[in-house]
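Participant:
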Amino acid sequence: GRLPYTYPVGPNALMTYDHRHSEAYAFSRLYPFGYGLAYTTFTYEDLSVANALLGCGDRLDVAVTVRNSGTRAGQEVVQLYVSDHYARIAPPVKRLRAFDKINLAPGESRRLHFTLSPRELAFVDRDNRWIAEAGRFSALVGNLRTEFELKEDCSF
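According to our numbering, the sequence shown is numbered sequentially starting from 89.
(1) Considering only C-alpha positions, which residue in the set Ser157, Ala222, Gln167 and Lys182 is nearest to Gly124?
(2) Just checking Phe225 against the ligand PLP - is the residue's beta carbon closer than 7 Å to any of the ligand's heavy atoms?
(3) Pick helix, strand or coil for Pro206, following the three-state DSSP scheme.
(4) Measure the C-alpha to C-alpha separation of Pro120 and Phe130 and round it to an integer number of angstroms.
(5) Tyr169 and Lys182 look like a contact to me (Cβ under 8 Å); what is the Cβ gap, rounded to whole Å?
(6) Would you please state the rounded distance, in angstroms, between the beta carbons of Ala222 and Leu209? I believe it to be under 8 Å.
(7) Just grab the DSSP bridge partners of Arg233 for me.
(8) In this structure, how does DSSP classify Cys144 when only helix, strand and coil are distinguished?
(9) Buried or exposed: which applies to Asp172, given that a residue is buried once 16 or more other Cβ atoms fall within 10 Å of its Cβ?
(10) The beta strand (DSSP E) spanning Tyr123 covers which residue range?
(11) Using CA atoms only, rank isn't needed, just tell me which of Ile177, Arg160 and Leu184 is closest to Gly122.
(12) Under three-state DSSP, which class holds Thr159?
(13) Please list the terminal residues of the continuous beta strand (DSSP E) segment that includes Ile219.
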């Protein structure tokens, strides 16, 4: 299985659900969110977005290739995180927006596609409204990162 939270090195470490303390300030983590053991290894390649400029009515297609680079068959949970580069309210360092569990034989690879809407980039602002602010975002899968941009503010 995979851990549903970040596990700190020490018992007195402060943690929040949004990764701010464990990642933004480079505190030591014993195990990161989503950590789990496997009997094989997986390699992430070719992370891309189909439309890097997103409007309020658009959808963003994020694609990544996952390869079983080990000698045994295995399962992997592929996790897509999104990071907002700037917002009026300090945004979380990254938020889990999509995931998929796949089974791969040794040497097998699979191209996965995740679809995001501007609503999934939104946060609650000071006026208690859901808003996705125009600006740059990063999509993160495994150790890969690519950027895209929301060209206008979107309210929900």
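Ideal Cβ placement from N, Cα and C applies to all residues, glycine included. Bear in mind the structure is a predicted one, so any value in this text is a computation, not a measurement.
Facilitator: Walking through what the data contain:
(1) Your numbering for residue 124 matches position 36 in the sequence shown. For Gly124, the nearest C-alpha among the options comes from Gln167.
(2) With respect to the ligand PLP, the structure shown offers nothing to examine, as it has no ligands at all.
(3) One-based indexing of the sequence shown puts residue 206 at position 118. In the three-state scheme derived from DSSP, where H, G and I count as helix and E and B as strand, Pro206 is classed as helix.
(4) Residue numbering aside, residue 120 sits at position 32 when the sequence shown is read from its first letter. Residue numbering aside, residue 130 sits at position 42 when the sequence shown is read from its first letter. When rounded, the distance between both Cα atoms is 17 Å.
(5) Taking the sequence shown and counting its residues from 1, one reaches residue 169 at position 81. Taking the sequence shown and counting its residues from 1, one reaches residue 182 at position 94. Between Tyr169 and Lys182 the beta-carbon gap is near 4 Å, inside 8 Å, which marks them as a contact.
(6) Reading the sequence shown from its first residue, position 134 is the one you call residue 222. Reading the sequence shown from its first residue, position 121 is the one you call residue 209. The distance from the Cβ of Ala222 to that of Leu209 is about 10 Å, inconsistent with a contact at the 8 Å cut-off.
(7) Position 145 of the sequence shown, counting from 1, holds the residue named residue 233. Checking the DSSP bridge columns, you'll see Arg233 partnered with Leu228.
(8) Within the sequence shown, numbered from 1, the residue matching residue 144 stands at position 56. Looking at Cys144 - three-state DSSP - the assignment turns out to be coil, as it is neither helix nor strand.
(9) Position 84 of the sequence shown, counted from the first residue, corresponds to residue 172. Per the 10 Å Cβ criterion, buried.
(10) By 1-based counting over the sequence shown, the position of residue 123 is 35. That residue, Tyr123, is in no beta strand (DSSP E); it is neither H nor E in DSSP.
(11) Position 34 of the sequence shown, counted from the start, is the residue given in the question as residue 122. Nearest of Ile177, Arg160 and Leu184 to Gly122, Cα basis: Leu184.
(12) As a first step, residue 159 must be located in the sequence shown, where it is residue number 71. Correct three-state label for Thr159: coil.
(13) For this step, residue 219 is matched to residue 131 along the sequence shown. For Ile219, the uninterrupted beta strand (DSSP E) run begins and ends at Trp218 to Ala220, by DSSP.
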